[in-house]
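Undergrad:
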Amino acid sequence: MTAYVIAHLQDAAPHPEIAEYIERLPGTFEPHGGRYLVHVTQHEVKEGSWPGSVVMIGFPGIAEARAWWDSPTYREIAPLRSRHIEGDIILVEGVPEGYDPAATVKAMREALPAE
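Once you know that position 89 of the sequence shown is 89 in UniProt numbering, the rest is easy, because the numbers rise by one and skip nothing.
1) My output table needs one value for residue 76: the three-state DSSP class, helix, strand or coil.
2) Counting only runs of 4+ residues fully inside the UniProt domain "DUF1330" (2-95), write out the alpha helix (DSSP H) ranges in chain order.
3) In terms of alpha-carbon separation, which member of 19, 103, 68 and 13 lies closest to residue 90?
4) Consult DSSP for residue 107 and reduce its assignment to one of helix, strand or coil.
5) Check this for me: beta carbons of residue 57 and residue 36, under 7 Å apart or not?
6) Ignore the nearest five residues each way along the sequence and tell me which others in residue 85's own chain have a CB closer than 6 Å to its CB.
7) Enumerate in chain order the residues of its own chain whose CB-to-CB distance from residue 51 is below 8 Å, with the five nearest sequence positions on each side excluded.
8) Helix, strand or coil for residue 102 per DSSP?
9) Give me, in chain order, the residues of the same chain whose beta-carbon lies closer than 8 Å to that of residue 87; leave out the 5 immediate sequence neighbours on both sides.
10) On the criterion of 16 or more Cβ atoms from any shown chain inside 10 Å, does residue 27 qualify as buried, or is it exposed?
11) Under the assumption that residue 95 contacts residue 4 (Cβ atoms under 8 Å), give the Cβ distance between them as a whole number of angstroms.
12) Taking buried to mean at least 16 other C-beta atoms within 10 Å of its own C-beta, is residue 32 buried or exposed?
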């Protein structure tokens, strides 16, 4: 099942270490089957606020996403970003083909207090 790394990054001033990070990043996720899905493209806020930018990388599964995050090649370059850009990064598993949210709704209803 596909998994995703989603980063919500706050705007940062240009810095040589950020440029190096961006140049080296694809080489760290490609061996794990990762690929860019979104990379600092324009976004349109419909509710709330979303300052900064979005990066999204897809992986074949959550094991591959975790292996990339924990890999020595990524851990080596991660400080190039984290020293200069604030943000939130999550790993999240996608839903299977043909996913039906009915089971989620059923569990939610069962958890509600009886009326």
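Ideal Cβ placement from N, Cα and C applies to all residues, glycine included.
All of these numbers come straight from a predicted model, not from anything done at the bench.
TA: Let me lay it out:
1) helix
2) 16-29, 62-70 and 72-82
3) 68
4) helix
5) yes
6) 9 and 12
7) 10 and 11
8) helix
9) 7, 8, 9, 10 and 52
10) exposed
11) Not quite, the Cβ-Cβ distance comes to about 11 Å (not below 8 Å), so this is no contact.
12) buried
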